Structures are given as C-alpha cells and as structure tokens.
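Mapping of the sequence shown onto this note's numbering: residues 431 to 486, in sequence order. Glycine residues also receive a C-beta, built at the ideal position from the N, C-alpha and C atoms. Here the structure is a predicted model, which is why all the values come from computation and not from measurement. Working notes for the structure below.
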Amino acid sequence: DLAGLALPFLQAANQSEAALNELADILIAEIKTALFCTGQASLSELKRSSVLRAIK
C-alpha cells in the first residue's frame, strides 16, 4: 500500500536525516488529518470504510 511513497522518502534520505524526519512528520500529520476528517480511528478502519474509493 505504501510503495508509492518510496521515491520521496529515498530522495529525502539522500538529502539528509533532517529532511527525512520532516517528510515523515508531514506524512503523519496528513494521515492524522485524514483520519480526523473522515471520523476513522485507524488506517485499517479507513481502508475498510466506504469513504475511500479507487481512482481509475
């Protein structure tokens, strides 16, 4: 599920540890925001909910 995140994380890791930590912090904040906005308690709940749909 997270394979699409590999490149940005590899690029940040290549830049510096601080850049990698900043990217991780941003991702965590975005996930927490998505969970809050959708009323889900966890990523597994969000994945099972009808809130998400595949983009074709």
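Inter-residue Cα distance where the pair is residue i and residue j
| i | j | result |
| --- | --- | --- |
| alanine 454 | alanine 448 | 10 angstroms |
| serine 479 | leucine 435 | 22 angstroms |
| glutamate 475 | lysine 462 | 13 angstroms |
| alanine 459 | alanine 471 | 14 angstroms |
| glutamate 452 | lysine 486 | 31 angstroms |
| leucine 440 | alanine 484 | 26 angstroms |
Given residue i as reference, the closest of the options once Cα atoms are compared
| i | options | result |
| --- | --- | --- |
| leucine 457 | Leu473, Arg483 and Leu482 | Leu473 |
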